[in-house]
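Asks: Below: one structure in structure tokens.
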Amino acid sequence: MVNIEIDGKKIQAREGCMVIEAADDAGIYIPRFCYHKKLSIAANCRMCLVEVEKAPKALPACATPVTEGMKVFTSSPKAVAAQKGVMEFLLINHPLDCPICDQGGECELQDIAVGYGSDVSQYTENKRVLPQKDFGPLVTGDMTRCIHCTRCVRFCEEIAGVYEMGATGRGEHTEIGTYVKHSLRSELSGNIIDLCPVGALTSKPFRFSVRAWELLQRSSVAPHDCIGSNIFVHVHHDKVRRVVPRDNEELNETWLSDRDRFSYEGLDSPERLRQPMIKVDGSWQETDWATALHRVVAGVRAVAPESLGALVSPISTLEELYLLQKLMRGLGSANIDHRLAQRDFSDQDLAPLFPWLGQALHDLEDSDAVLLVGSDIRRDQPIAGHRLRKAGLRGAKIAAVNPQDYDFNFPLEAACTEAGMQPDLAAIAKVLVERSGKAAPAGFSELTASVKPDESHEKIASALQTAESASVLIGLAAMNDGNFAALRSLAGLISELTGARLGYLPHGGNGAGAWLAGAVPHREVGGKAAANPGRNVAQMVDGSLQAFLLLNVEAECDCGSHREQILANLAKAGFVASLTPFVTDTMRDYADVLLPVSPFTETAGSFINVEGRLQSIEGVVAPLGESRPAWKVLRVLGNLFELPGFEQNNAEEIRNEWLAAAGDLQPDNKTSWQCPESLAAVPAELGPTPYAGDGIVRRADSLQAVGNARV
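Numbered continuously in this note's numbering, the sequence shown closes out at residue 1709.
What follows is the structure, encoded as structure tokens:
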């Protein structure tokens, strides 16, 4: 630490930090445009010029390191004159079109101009005008407003890891844009909207819809992946207009994936279900809630409990998951599952308490070696991919065993995609067994007798073995693989032989929480083994079930390889009730009752993320039409079925009930060796595209227009 003085205030600053960082820590404001705490220092806007004692001229605070005894003056006549001079230069070519600019009201240039601008300019030349640039369906580029701070360029290179944007031309001909005039394709591209200090880069879906000062800001959590990114939802006239990141250094830092940022468009889809509906003689009729709920009760009571099944989406809240499984078990059925696309359940009794990361999310940055198993982490969990990229940039050795060659934005030590995930993992494990000198687990030697490790397997084994902090992460492609049990067993063996942490990257905002809520057939709340296990999703498609309850599920999109069988069984079932925010033509074909339930923005609830963090939210807008929060619908159904324990008045009471039932949870991903029968690779099934994972995202028009949606 060094002792410095800023505006007469004596402070201690970290040795090597810049003056602007020390000032921020001390609560002293210095104007800036190009500086951002998460980006490298460019020092090209010069707005942060300050006076430093004994320095002949003003110095940029963002590029001047602190030294012992330094005295800095941020608002002296010399500093203010320099700052005002810079502001005059920045406004030379700016169009000053604040009244029609989406950034108006939250523009850094606008704010700083109030304190450092002038009402008269010395320049009389014509302003430079640039054509509007097409950055794709998510970002609008009005580059006449650009002040060349290069925040967007540095973000693309340093954070997103894609070299899409840059500066062309020199002097007054400099332009910021994409090098080859293509659309932005990064899964984090929307962050340049937040970074832009002027109105050069704005949100295309939000464009010209409402002024910033008319918005109400509400805190929430994004439900689309297992990270649980913190967000602010901006509301106008009880309608969601925009979503932006909420700072949380433990989770999403200051960033947000495009999926979390722009999915709000789907909330107002024409397919939103606004009124309860029942099918009468093959025709759909709108009805009231009482009639629809009594129809559900009659339909369920018409079948034996063992013939009733429930499918639930992992984007549902913890409270919804908990009440649905409580309702099902109260009716005498444990046929409930949220693992809609999983194919192999042979080792589900050996599965961990819940699929968690095995570490805090931010710990990924400190990894020395990571092995990805069946994971397109960059698109499946963009924020986790960002953390892993930071590890890669600091020298971590990252390797992948995947069903296909995914496009990563960090360097790979080795990648195995041709032989199949099982043979590749077996080869890595064989190298480790031979090097460790330990006895091979039962059946392993016979299993791998014909396996011949190559250079890639040797590299991966070496990286994991020599690392002080290593992780083996199982992704969605592995979880939905036909040989998931074998992949889990081999990954667990590799983890055990190297001391690496074994972790999972599940689907949906509650892919972890659904296990703890009891939304699996073989375990109850808190992971307790079920006395009478029910059927998993693969067993529910055999045609023996006569009635189904669906929660936030669109079977035609969410059920992976089970799709055709599920649809066939739903079509011939005696009764199907769907609790859904959206209705499709396919849903109208197989359902008998449609109950409109609220998406995450219209209900209170909780999510448990991949690191086991419980986060609760409140609804930010009123339910649309006659839709109701799903927990309220399930509570009323429990009462109509005359089941005990359905007297909760709010989501908090349900959450507290779950907490009491779950008890003290101690997650552990350690696996028991279960020798695979063979290493024959099952044909891999490609999962949903990045923007097809749930009903809200699928209806966000701008996301569907992005090139990634069709990759």
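Virtual Cβ for every residue (Gly too), placed ideally from N, Cα, C.
1) Jot down the residue ranges of each uninterrupted beta strand (DSSP E) in the segment 1430-1460, minimum 3 residues, whole runs only, in chain order.
2) Just the C-alpha distance for residue 1460 and residue 1403, rounded to the nearest angstrom, thanks.
3) Put residue 1637 into one of helix, strand or coil per three-state DSSP.
4) Of the choices 1548, 1508 and 1192, whose alpha-carbon is the least far from that of residue 1259?
5) Have a look at residue 1393 and residue 1360 and give me their C-alpha separation to the nearest angstrom.
6) In whole angstroms, what separates the C-alpha of residue 1184 from that of residue 1529?
7) What are the start and end residues of the alpha helix (DSSP H) that includes residue 1477?
8) Drop a sphere of 10 angstroms on the beta-carbon of residue 1709, count the other beta-carbons inside from all chains shown, and report buried for 16 or more, exposed for fewer.
9) Less than 8 angstroms between the CB atoms is what I'm expecting for residue 1597 and residue 1265, so what's the real figure, rounded?
10) If I follow the unbroken alpha helix (DSSP H) through residue 1153, where does it start and stop?
11) How about the segment 1003-1016 and the segment 1170-1179: do they share at least three Cβ pairs that are nearer than 8 angstroms?
12) I need the boundaries of the alpha helix (DSSP H) containing residue 1410, first residue and last residue.
13) According to DSSP, is residue 1708 part of a helix, a strand, or is it coil?
14) Pick out whichever of 1054, 1579 and 1647 has its Cα sitting closest to the Cα of residue 1313.
15) Going by the beta-carbon positions, is the gap between residue 1048 and residue 1031 smaller than 9 angstroms?
16) On the CB-based measure, 16 or more other CB atoms within 10 Å of its CB, does residue 1353 come out buried or exposed?
17) In or out: residue 1033 buried (at least 16 other Cβ within 10 Å) or exposed?
18) Considering only residues of the same chain and omitting the five flanking positions on each side of residue 1326, which have a CB-CB separation below 6 angstroms?
19) Taking 9 angstroms as the cut-off, decide whether the C-beta atoms of residue 1427 and residue 1453 are in contact.
20) Looking at the secondary structure, which residues open and close the beta strand (DSSP E) in which residue 1511 lies?
21) Do the CB positions of residue 1396 and residue 1370 come within less than 9 angstroms of each other?
22) Give me the Cα-Cα distance between residue 1451 and residue 1417, rounded to the nearest whole angstrom.
23) Looking only at its own chain, which residues have a Cβ that is under 6 angstroms from the Cβ of residue 1422, when we skip the five neighbours before and after it?
24) For residue 1641 and residue 1328, what's the separation of their Cα atoms in angstroms?
25) Following the continuous alpha helix (DSSP H) through residue 1696, name the residue where it begins and the one where it ends.
26) For residue 1502, which residues from the same chain have a beta carbon less than 6 angstroms from its beta carbon, with the 5 sequence-adjacent residues on both sides left out?
27) Going by other Cβ atoms of all chains shown within 10 Å of its Cβ, with 16 needed for buried, is residue 1458 buried or exposed?
28) Should the segment 1269-1278 be called in touch with the segment 1584-1595, which here means at least 3 C-beta pairs below 8 angstroms?
29) Could you check how far apart the C-beta atoms of residue 1431 and residue 1455 are, in whole angstroms? I think they sit under 8 angstroms.
30) Quick check on the DSSP output: the beta strand (DSSP E) that includes residue 1208 runs from which residue to which?
31) Counting Cβ pairs closer than 8 angstroms, one from the segment 1611-1630 and one from the segment 1221-1236, do we hit at least three?
32) Measuring straight from C-alpha to C-alpha, what distance separates residue 1026 and residue 1045?
33) To the nearest angstrom, how far is it from the Cα of residue 1001 to the Cα of residue 1056?
Replies: In this structure, then:
1) none
2) 22 angstroms
3) helix
4) 1192
5) 16 angstroms
6) 47 angstroms
7) 1474-1477
8) Interpretation of residue 1709 is limited by its pLDDT of 43, a score under 50 that renders its predicted location unreliable; no figure is taken from the coordinates.
9) 6 angstroms
10) 1149-1153
11) no
12) No alpha helix (DSSP H) holds residue 1410; DSSP gives it neither H nor E.
13) Because residue 1708 sits at a pLDDT of 41, beneath the cut-off of 50, its placement in the model cannot be relied upon, and the following sentence gives the value as read from the coordinates. Note: residue 1708 maps to helix in three-state DSSP.
14) 1579
15) no
16) buried
17) buried
18) 1308 and 1334
19) no
20) From DSSP, residue 1511 is part of no beta strand (DSSP E) but of the alpha helix (DSSP H) over 1511-1515.
21) yes
22) 11 angstroms
23) 1399 and 1414
24) 7 angstroms
25) 1693-1696
26) 1353 and 1472
27) buried
28) yes
29) About 12 angstroms separates the two Cβ atoms, so there is no contact after all.
30) Looking at the DSSP string, residue 1208 is not in any beta strand (DSSP E), and its letter there is neither H nor E.
31) yes
32) 15 angstroms
33) 21 angstroms
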